[in-house]
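Step one of this worksheet: look at the structure below.
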Amino acid sequence: MAKGKIKVQTENIFPIIKKFLYSDHEIFLRELIANATDATKKLHSLSALGEFKGEIGDDTIEVKLDKAAKTLTISDKGIGMSDEEIKKYINQIAFSGAEEFVSKFKDKTDTQNIIGKFGLGFYSSFMVAERVEIISKNYKDEPAAHWECDGSPEYSLKQGNKETRGTDIILHIAEDSTEFLEEHRISSLLEKYCKFMPIAIKFGTKTIYEDNKEGKKDKDGNVEQVKKEVDNIVNNPSPAWTKTPSSLEDKDYKDFYRELYPMNFEESLFHIHLNVDYPFNLTGILYFPKIKPNMEVQRDKIQLYSRQVFITDSVEGIVPDFLMLLHGVIDSPDIPLNVSRSYLQADGAVKKISSHISKKVADKLEELFKNDRADFEQKWDDIKVFIEYGMLSDEKFFERAQKFALYKTTDGKYYTMDELTEKIKPLQTDKDNKIVFLYASDVQEQHSFIEAATNKGYEVIVLDTALTAHLVGKLEQTVKDSTFARIDADTIDKLINKDEKIPSKLSDKEQEKLKPIIEEVVPKEKFTVLFESMNETDQPMTIVQPEFMRRMKDMSKVGGGMNMFGGAMPDSYNLVVNANHPIISKILNEKDATKQKEITKQTADLAMLSQNMLKGEELTKFIKRSLELI
3 MAKGKIKVQT ENIFPIIKKF LYSDHEIFLR ELIANATDAT KKLHSLSALG
53 EFKGEIGDDT IEVKLDKAAK TLTISDKGIG MSDEEIKKYI NQIAFSGAEE
103 FVSKFKDKTD TQNIIGKFGL GFYSSFMVAE RVEIISKNYK DEPAAHWECD
153 GSPEYSLKQG NKETRGTDII LHIAEDSTEF LEEHRISSLL EKYCKFMPIA
203 IKFGTKTIYE DNKEGKKDKD GNVEQVKKEV DNIVNNPSPA WTKTPSSLED
253 KDYKDFYREL YPMNFEESLF HIHLNVDYPF NLTGILYFPK IKPNMEVQRD
303 KIQLYSRQVF ITDSVEGIVP DFLMLLHGVI DSPDIPLNVS RSYLQADGAV
353 KKISSHISKK VADKLEELFK NDRADFEQKW DDIKVFIEYG MLSDEKFFER
403 AQKFALYKTT DGKYYTMDEL TEKIKPLQTD KDNKIVFLYA SDVQEQHSFI
453 EAATNKGYEV IVLDTALTAH LVGKLEQTVK DSTFARIDAD TIDKLINKDE
503 KIPSKLSDKE QEKLKPIIEE VVPKEKFTVL FESMNETDQP MTIVQPEFMR
553 RMKDMSKVGG GMNMFGGAMP DSYNLVVNAN HPIISKILNE KDATKQKEIT
603 KQTADLAMLS QNMLKGEELT KFIKRSLELI
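Residue numbers (this note's numbering): 3 to 632.
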């Protein structure tokens, strides 16, 4: 039996490992199974090259718990190691010096990067084990080796008692880590980190029921079910993203989506299969879920893998920010297994991957639009937030989106921006030769304003997401000679000013006489009373919020540089009085002051009611007053 010291330049590396890596101690299982997977894949490679001529046979990796013995064992049937190989790969840790390790990382919390940088994958086992054994026999059928270490630099190495090829890693679990002796804990880690590893992983057994092979039937005449104990294989070694798109059908993609998100009962809208081998390697499947207009979307739904080994579900830096709303899997061997957030932000290859993913998404959307526009239009309301987000956050995506981004009108028709511009230009160009795009944020609440616009033959588009204020600002910069106005920002003749004068039935003197009467029934600090010459059929009083003021307040809700101003500004509105409406004339000519005030208040309340601004006591008074007037 040989004894020795692990070659590191510090007295004891293992307390350091525990101290600095303990926050991510659960990754030890991923590291050990990843090593077992590599050993198994190497055997397959040697077999393919003709260097290993034996039978590979069953290559399942097995995870075993022995609660009584307080051990957790990871066994593979891979290439194995001789005593000399153990000395080479285990005892000589890939440190440039442990002193450097201590000085460089003593204040860092980026534990996964530490593990990757210094080759500590195997030694992460000491985060949870007080003693670790390796029993291994290599594929050359050399004598087995038995290595043992108790967490100090001291180790023992002797001939092992193992007849079959492969490696057993036996962890004697420490007292402060007994959670890893619980079956459910190990199951959850296998589910999290090893769900799609490329070699089958067994963890215990499970009971299944299958038809009686002899066809024996029960008393009800059904084929008898026979209870059977089988291996519990916890992973899918051949997930959909590892296959070519041509070999998969739509059902396969749907099944994989359910496998990824078993608790999500909604189907995805469509998917993108990534399959790139130059200038970098990238595979994966991204799904478009249904997105709510309020953007209450759960992120961290994209899982990052490296050669089917789970890395993280925090993919900032790899996936463009607006695509974080997607679900699915990305797998790239060009991204190190033990990757840090700072690495992702700085690495050039990662940036190229991010740009490519954005391009592939745009390609897919354009393809869907061109191939089946009707189906694309049906899905539009479910994906528009995602596309709007992309248009605002990624300039290249914005340019591409001009080909497929749709704008729905209040009558349910869909147009691209070019199509919409062409349609409304003849009728919705104002006196300054600007095309005015009218939009509604709430079709129900703004119905009266929409009706006033459509009665004139105008088109009103629906922009009703949290990003609307930002989007219209972007579009105004893009569409030449245009302006966007929410339908309730002013009277329709003011929104699209054709410079067509309608004579006023009220003189300036009469308007001055009326103004204090109206101001008496509405709060002066909130409403500014304005008179306009409008058609007799238009509303007698209309409440509007100026476009600029409302847009700033909307932008402040979701950020965008207006928080300082828009968020602090009090609500202010214009009460627009139709100087040509008969009711306004009636108010002016009413001799009874009490009745005059009553009519004025009723008319103003009607305007407030149409904007859903009449509430509480004021609404109760309005209802009582209305009943008295009937």
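Ideal Cβ positions, reconstructed from N, Cα and C, are used throughout, including at glycine. On a predicted model such as this, the values are computed, not experimentally measured, just so you know.
Over the uninterrupted beta strand (DSSP E) stretch that includes D252, give me the two end residues. Taking the first residue of the sequence shown as 1, we reach residue 252 at position 250. The continuous stretches of beta strand (DSSP E) do not include D252, which lies in the alpha helix (DSSP H) extending over residues 252-262.
Between the CA atoms of I63 and H46 - distance to the nearest angstrom: Translated into positions along the sequence shown, residue 46 becomes position 44. Translated into positions along the sequence shown, residue 63 becomes position 61. Answer to the nearest angstrom: the Cα atoms are 14 Å apart.
Which runs of the beta strand (DSSP E) fall wholly inside the region 145-228 and span at least 3 residues, in chain order? Entirely contained in the region 145-228, the beta strand (DSSP E) runs reaching 3 residues are, in chain order, 147-151, 156-161, 168-175, 203-213.
If distances are taken between C-alpha atoms only, which option among A454, A36, I58 comes closest to V65? Working through the sequence shown from its first residue, we reach residue 65 at position 63. Looking at A454, A36, I58, the one whose alpha-carbon comes closest to that of V65 is A36.
Could you name the residues that DSSP lists as bridge partners for Q547? In the sequence shown, counting from the first residue as 1, residue 547 sits at position 545. DSSP lists no partner for Q547.
Can you tell me the Cα-Cα spacing of V278 and K361, whole angstroms? Your numbering for residue 278 matches position 276 in the sequence shown. Your numbering for residue 361 matches position 359 in the sequence shown. Each residue's Cα considered, the two are about 13 Å apart.
Return the CA-CA distance between I81 and K90, expressed in angstroms with no decimal places. Sequence index remark: in the sequence shown, residue 81 carries index 79 (1-based). Sequence index remark: in the sequence shown, residue 90 carries index 88 (1-based). Between I81 and K90, the C-alpha separation is close to 15 Å.
Residues that DSSP places opposite H46 in a beta bridge: Stepping through the sequence shown from its first residue, residue 46 is reached at position 44. Beta-bridge partners assigned by DSSP to H46: none are found.
Test item: CB-CB of P548 and N576 under 8 Å: Here residue 548 corresponds to residue number 546 of the sequence shown, with the count starting at 1. Here residue 576 corresponds to residue number 574 of the sequence shown, with the count starting at 1. In this structure, N576 lies closer than 8 Å to P548 by Cβ.
In the DSSP assignment, find the beta strand (DSSP E) that holds D78 and state where it starts and stops. Against the sequence shown, residue 78 aligns to sequence position 76. Looking at the DSSP string, the run of the beta strand (DSSP E) that includes D78 is 73-78.
Taking all protein chains shown into account, decide if E33 is buried (16 or more other Cβ within 10 angstroms of its Cβ) or exposed. Residue 33 sits at position 31 when you count from the first residue of the sequence shown. Buried is the call here.
Taking DSSP as the reference, what is the three-state secondary structure of H329? As a first step, residue 329 is located in the sequence shown; it is residue number 327 there, counting from the start. The answer is strand: DSSP assigns H329 an E or B state.
For Q305, the first and last residue of its enclosing beta strand (DSSP E): Within the sequence shown, residue 305 is the residue found at index 303, counting from 1. Element bounds for Q305: 304-308.
Counting beta carbon pairs with one atom in the region 262-272 and one in the region 310-325, are three or more of them shorter than 8 Å? Flag = no, the region 310-325 and the region 262-272 do not touch.
Would you say K425 and Y416 are within 8 Å of each other, going by their C-beta atoms? As a working note, residue 425 is residue 423 in the sequence shown. As a working note, residue 416 is residue 414 in the sequence shown. No, Cβ-Cβ distance for K425 and Y416 is not below 8 Å.
Whole-angstrom distance between Q598 and I463, CA atom to CA atom: Working through the sequence shown from its first residue, we reach residue 463 at position 461. Working through the sequence shown from its first residue, we reach residue 598 at position 596. Those two C-alpha atoms are separated by around 40 Å.
Exposed or buried, which one is H186 when buried takes at least 16 other CB atoms within 10 Å? Counting from 1 along the sequence shown, the entry for residue 186 is found at position 184. Exposed is the call here.
Quick check: what's the CA-CA separation for A471 versus M554? Within the sequence shown, the letter at position 469 stands for residue 471. Within the sequence shown, the letter at position 552 stands for residue 554. The alpha-carbon atoms of A471 and M554 are separated by roughly 8 Å.
Determine the extent of the beta strand (DSSP E) in which E64 is found, giving its start and end residues. Within the sequence shown, residue 64 is the residue found at index 62, counting from 1. Where E64 is concerned, the enclosing beta strand (DSSP E) stretches over 63-68.
Take M83 as the anchor and find which of D143, L48, E53 has the nearest alpha-carbon. Counting from 1 along the sequence shown, the entry for residue 83 is found at position 81. Comparing alpha-carbon positions, the option among D143, L48, E53 lying closest to M83 turns out to be D143.
Take the Cβ of Y1 as the centre, count every other Cβ of all protein chains shown within 10 Å, and call the residue buried at 16 or more, exposed below. Limits of the chain in this structure are 3 at one end and 632 at the other, which puts residue 1 out of reach.
Cβ shell of E379 (< 7 Å), same chain only, five flanking positions each side left out: As a first step, residue 379 is located in the sequence shown; it is residue number 377 there, counting from the start. Excluding positions up to five away in sequence, the list reads L408, Y416.
Residue from A131, H275, I58, T209 whose Cα sits closest to the Cα of L31: As a first step, residue 31 is located in the sequence shown; it is residue number 29 there, counting from the start. Of the listed residues, the one whose Cα sits closest to L31 is A131.
Are at least three pairs of beta-carbons, each pair with one atom in the region 574-594 and one in the region 526-543, less than 8 Å apart? yes
From this set, I274, V546, N140, which residue's C-alpha is nearest R167's C-alpha? Working through the sequence shown from its first residue, we reach residue 167 at position 165. Its Cα nearest to that of R167, the residue N140 stands out among I274, V546, N140.
Rounded C-alpha distance that separates V546 from G330: For this step, residue 546 is matched to residue 544 along the sequence shown. For this step, residue 330 is matched to residue 328 along the sequence shown. Those two C-alpha atoms are separated by around 45 Å.
Would D413 and I201 be called neighbours here (beta carbons separated by less than 8 Å)? One-based indexing of the sequence shown puts residue 413 at position 411. One-based indexing of the sequence shown puts residue 201 at position 199. Not in contact: D413 and I201 (Cβ atoms no closer than 8 Å).
Between which residues of its own chain and Y24 is the CB-CB distance below 7 Å, once the five residues before and five after are set aside? In the sequence shown, counting from the first residue as 1, residue 24 sits at position 22. Note that Y24 scores 42 on pLDDT, short of 50, meaning its location in the model is unreliable and no value can be drawn from it.
Any idea which residues DSSP pairs R488 with across the strands? Numbered from its first residue, the sequence shown carries residue 488 at position 486. Note: R488 sits in a beta bridge opposite Y441.
Taking 8 Å as the cut-off, decide whether the C-beta atoms of Y391 and Q430 are in contact. For the purposes of this step, residue 391 is identified with residue 389 of the sequence shown, where counting begins at 1. For the purposes of this step, residue 430 is identified with residue 428 of the sequence shown, where counting begins at 1. No, Cβ-Cβ distance for Y391 and Q430 is not below 8 Å.
Within the chosen definition, does the region 148-166 reach the region 39-57 through at least 3 CB pairs nearer than 8 Å? no
From what residue to what residue does the beta strand (DSSP E) around H273 run? Here residue 273 refers to the residue found at position 271 when the sequence shown is read from its first residue. Start and end: 272-278.
My guess is that V387 and T467 are in contact by the Cβ rule of under 8 Å, so how many angstroms apart are they, rounded? Position 385 of the sequence shown, counted from the start, is the residue given in the question as residue 387. Position 465 of the sequence shown, counted from the start, is the residue given in the question as residue 467. Sure, about 5 Å apart at Cβ, within 8 Å.
If you follow the beta strand (DSSP E) that F533 is part of, which residue opens it and which one closes it? Locating residue 533 in the sequence shown gives position 531, where the first residue counts as 1. Looking at the DSSP string, the run of the beta strand (DSSP E) that includes F533 is 529-534.
Unbroken beta strand (DSSP E) runs of length 3 or more, entirely within the region 575-620: which are they? 575-580
Express the C-alpha separation of S189 and Y289 in angstroms, rounding to a whole number. As a working note, residue 289 is residue 287 in the sequence shown. As a working note, residue 189 is residue 187 in the sequence shown. Going from the Cα of Y289 to the Cα of S189 covers about 27 Å.
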